[in-house]
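Right, one structure below, let's go through it.
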Amino acid sequence: YLIALKLAQFDFIKNHSKTNPILLLDDIFDKLDETRVAHLISLVDKENFGQLFISDTHAERTEEVIKKVHQSYRMFPLSNSMISVPPW
């Protein structure tokens with residue numbers, strides 16, 4: 031239910047501002063299993079969506095799911111309150 035509400039908010043903001051907002055999914059694996067997360071990533075990685083940020087405590091799990099749906103991505107590890115920006 032919460033994810034549906036978040037997607038509805040995204041759509042509302044997009045329609046009223048005429049821009050693609052950034053979609054933030056915090057600890058998504060706490061709410062959905064890997065199959066559903068993969069489906070959600072496939073759904074939101076279309077032209078009409080903007081950027082997607084996913085936070086997760088298990089970077090390997092997130093990376094594995096994103097690779098399964100063949101989407102481009104960048105990972106920004108967070109350690110000791112510092113974000114690492116890996117080279118392209």
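Count along the sequence shown starting at 1, add 30, and that's the number in the working numbering. Every residue, glycine too, gets a C-beta built ideally from N, C-alpha and C. Note that the structure is a prediction, hence the values are computed from the model and not measured.
Please state the DSSP three-state secondary structure of residue i.
| i | result |
| --- | --- |
| residue 47 | helix |
| residue 79 | coil |
| residue 41 | helix |
| residue 33 | helix |
| residue 52 | coil |
| residue 114 | coil |
Out of the options, which has the shortest C-alpha to C-alpha gap to residue i?
| i | options | result |
| --- | --- | --- |
| residue 102 | 85, 88 and 81 | 81 |
| residue 106 | 99, 114 and 93 | 114 |
| residue 92 | 42, 36, 57 and 47 | 57 |
| residue 99 | 37, 117, 72 and 66 | 72 |
Identify the continuous beta strand (DSSP E) that holds residue i and give its terminal residues.
| i | result |
| --- | --- |
| residue 71 | First-last for residue 71: 64-74, but that is the alpha helix (DSSP H), not the beta strand (DSSP E). |
Just to confirm the assignment, what range does the alpha helix (DSSP H) spanning residue i have?
| i | result |
| --- | --- |
| residue 61 | Element bounds for residue 61: n/a, residue is neither H nor E. |
| residue 96 | 89-98 |
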